[in-house]
Structure formats: C-alpha cells, structure tokens
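Visitor: Numbering (this note's numbering), first residue to last: 23 to 331.
To start, I am sharing the structure in question, which I have written as structure tokens.
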C-alpha cells in the first residue's frame, strides 16, 4: 500500500480545487487541457558541451514529441480566452529513456510555494461566479505580494498569433552538470525562428475558438516550424528557488540547438506525461519547491485522466 506524504496530499487537494473551480472533464489534463501533439527532431549545436554530459545537448540528434496548448483546465475554452500558452517537449533519448522540458509564454510563475498556490486557488474559488471584480484583484495582490509581478504580466499579455510565433520559457531553474561535476545554474527558453507575432484581444476574439490549432495544422503542411533552444547561464546571486523572479536580461545565452516541428503526431491516445523533473544525467533539478511539486501534481492528473475521470 502506497503511503501518502504531505506533498502528495497537497497535490491531490490542489487538483481537487482546480476541478471545483473549472469543472471536471474526464480524460483531460487538469491544466492545459486543450492541446495538440506534433512530431519533431531536436539537433544540438554542441555549444552546451562544456556545461553538461546530457547527450541531446551535446552531440546526439533525437526525436521528440511536442505539445502546444492553452492554459485553461476546460478543453472547450476558446484560445482567445486563455492568454497563457504552453509548449511541452519530450525528448526521446537512447535506450528508451525520455526527458521533458515544459514552458509557457511567461518568464515567471505566480508563486514559489505549493501551499501558497493552493491558497490562491482557494481565494479564486471564493470569487462570485468565479469572476473577480476589481476589489477582488486588489485584495489578491495584497494577500500574495510575491504573485504581483506574474498577475500583472498575465493581465498585459498579448495572445500569440500562432503557436509557431510564441516565445516559451521554462520558468524554473535547473543545473547543468559537466564531466568534472561542475554545476551551472541555467534557465531554458524556446525562441521561434519565425519571429514573435502577437494579437490584441480584439483581434483574437474575432478568430475561431480553435484558431491556434487550425493555423498550426495548416502551417506544418507547408513548412517545418523551428525553435531555437536558448540556455541562459545564471550568475552568483541569481535565484534558483524562486520562479516568481526573472534573471537579469544581460545574462550569457547559449544557442543549444534547433527543434524542427514536422507533422501532427498520430497517436491512439495522449498518454504522455511531461513531468519536468524527469531528467537525464547531466541535468539536475534546482531547489525550486514548485518544480518538485509538479511531479506529484502531474501524477495525480495523469491517474485521473487514465481512468477516464
């Protein structure tokens, strides 16, 4: 019998609260429910070789599965009503191993604490009809000051014109580990080769509710969609345990490789779990509590959708 820890209990409670706020949609993820899978190839440049022993960042081209999504827990939510978009990549490594990189169109997260994330959900649940008024948002900012920057970014965030023209950030810090065992703090970003293109809310609302999926399906018929993996090198004083804080813009960047998204994936069932803590030798998790919390939360979500709940 599996013994539940305080972390798994909090993960279950958090997923329960998301369901109470947004509803339950059997067979779907509890966040980023609406998404599309694509097949891709990742080719490293070798520029990260001095920092890590991870082969897919050094000299080994690998296949990948990419999932683009909007952030809503409701799979019927129109793309224009979910400003934050996601891009999850599962690299298929040698010997049937995998590793995942999860990113969104924001550089930071709303909190550094799983408990505070749960508390924020409780506050949101208390809003009348689930729709906050100005006074509600003022109280929310006052109650959770560490979340202020992310809330402000979300409020001002423009919609991506295409999944292919968004910049996606893995909001957590990781460590790259080289052959000498030296650990370098890093963050990862996907930069679109097609350039960054956005829409105003007025423009997005005028489009079909599934405009991103429609556009992406047509785009990959005509061309490869390419993203450059940028590795941002942290310096002394850069926080590795607080995803609510950005690193300075002048940090060194490495062009680690190119992801070529080629075609829509043909799968009988979306059984993929993009757990960002599944890492190969040469990459390690940081001491970010939200990063480690994702493992349990993703596991709860997967168990429920696998059972059709």
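Think of the CB as a built atom: it goes at the ideal place given N, C-alpha and C, for glycine as much as any other residue.
Once DSSP output is grouped into helix, strand and coil, what is the label at residue 121?
Guide: Along the chain shown, read from residue 1 onward, the residue named residue 121 stands at position 99. Strand.
Visitor: In whole angstroms, give me the CA-to-CA distance for residue 28 and residue 140.
Guide: Within the chain shown, the letter at position 6 stands for residue 28. Within the chain shown, the letter at position 118 stands for residue 140. Distance between the alpha carbons of residue 28 and residue 140 is about 13 Å.
Visitor: CA-CA distance, residue 111 and residue 296?
Guide: As a position in the chain shown, residue 111 is number 89, starting the count at 1. As a position in the chain shown, residue 296 is number 274, starting the count at 1. Rounded to whole angstroms, residue 111 to residue 296 spans 7 Å at the Cα level.
Visitor: Beta carbon of residue 263: closer than 6 Å to some heavy atom of the ligand MG?
Guide: Annotation note on the ligand MG: not contained in the displayed structure, which lists no ligands.
Visitor: Have a look at 41, 307 and 47 and flag the residue whose alpha-carbon is nearest the alpha-carbon of residue 146.
Guide: Your numbering for residue 146 matches position 124 in the chain shown. Nearest option by C-alpha distance: 41.
Visitor: Compare the beta carbon distance of residue 61 and residue 266 with 7 Å and say whether it is the shorter of the two.
Guide: On the chain shown, residue 61 is found 39 positions in, with the first residue counted as 1. On the chain shown, residue 266 is found 244 positions in, with the first residue counted as 1. Against a cut-off of 7 Å, the Cβ pair of residue 266 and residue 61 comes out as no contact.
Visitor: With DSSP collapsed to three states, give me the class of residue 128.
Guide: Position 106 of the chain shown, counted from the start, is the residue given in the question as residue 128. Here residue 128 sits in coil by DSSP.
Visitor: Pull up the distance between the alpha-carbon of residue 321 and that of residue 308, whole angstroms please.
Guide: Translated into positions along the chain shown, residue 321 becomes position 299. Translated into positions along the chain shown, residue 308 becomes position 286. So the alpha carbons of these two residues sit roughly 20 Å apart.
Visitor: Okay, do the stretch 217-226 and the stretch 300-319 touch, 3+ Cβ pairs below 8 Å being the bar?
Guide: Flag = no, the stretch 217-226 and the stretch 300-319 do not touch.
Visitor: According to DSSP, is residue 317 helix, strand or coil?
Guide: What you label residue 317 is simply residue 295 of the chain shown in a count that begins at 1. Helix at residue 317.
Visitor: Looking at residue 102: is its Cβ nearer than 7 Å to the Cβ of residue 227?
Guide: The residue labelled residue 102 in the question sits at position 80 within the chain shown. The residue labelled residue 227 in the question sits at position 205 within the chain shown. In contact: residue 102 and residue 227 (Cβ atoms closer than 7 Å).
Visitor: Taking residue 273 as the reference, which of 92, 96, 289 and 208 has the closest Cα?
Guide: Working through the chain shown from its first residue, we reach residue 273 at position 251. Nearest of 92, 96, 289 and 208 to residue 273, Cα basis: 208.
Visitor: Kindly list the residues whose CB is nearer than 7 Å to the CB of residue 51, restricted to its own chain and excluding five residues on each side of it in sequence; keep chain order.
Guide: Counted from its first residue, the chain shown places residue 51 at position 29. Once the five neighbours on either side are set aside, the close Cβ partners of residue 51 are 323 and 327.
Visitor: In the stretch 240-276, which residue ranges form an unbroken beta strand (DSSP E) of at least 3 residues, counting only runs that do not cross its ends?
Guide: Complete beta strand (DSSP E) runs here, min 3: 247-255.
Visitor: With DSSP run on the structure shown, which of helix, strand or coil describes residue 143?
Guide: The count along the chain shown starts at 1 and reaches residue 143 at position 121. Residue state, collapsed to three classes: helix.
Visitor: Using C-beta distances below 7 Å, list every residue in its chain close to residue 96, excluding the 5 sequence neighbours before and after it, in chain order.
Guide: Here residue 96 corresponds to residue number 74 of the chain shown, with the count starting at 1. 44, 45, 47 and 55, listed in sequence order.
Visitor: In the DSSP assignment, what residue or residues form a beta bridge with residue 211?
Guide: As a position in the chain shown, residue 211 is number 189, starting the count at 1. Bridge partners of residue 211: 191 and 252.
Visitor: What is the DSSP secondary structure of residue 30, reduced to helix, strand or coil?
Guide: Residue 30 sits at position 8 when you count from the first residue of the chain shown. If DSSP states are grouped into helix, strand and coil, residue 30 belongs with the helices.
Visitor: Based on the DSSP output, what are the partners of residue 62 in its beta bridges?
Guide: Here residue 62 is taken as the residue at index 40 of the chain shown, counted from 1. Answer by DSSP bridge pairing, in chain order: 86 and 283.
Visitor: DSSP beta-bridge partners for residue 330?
Guide: Within the chain shown, the letter at position 308 stands for residue 330. DSSP output for residue 330 lists no bridge partner at all.
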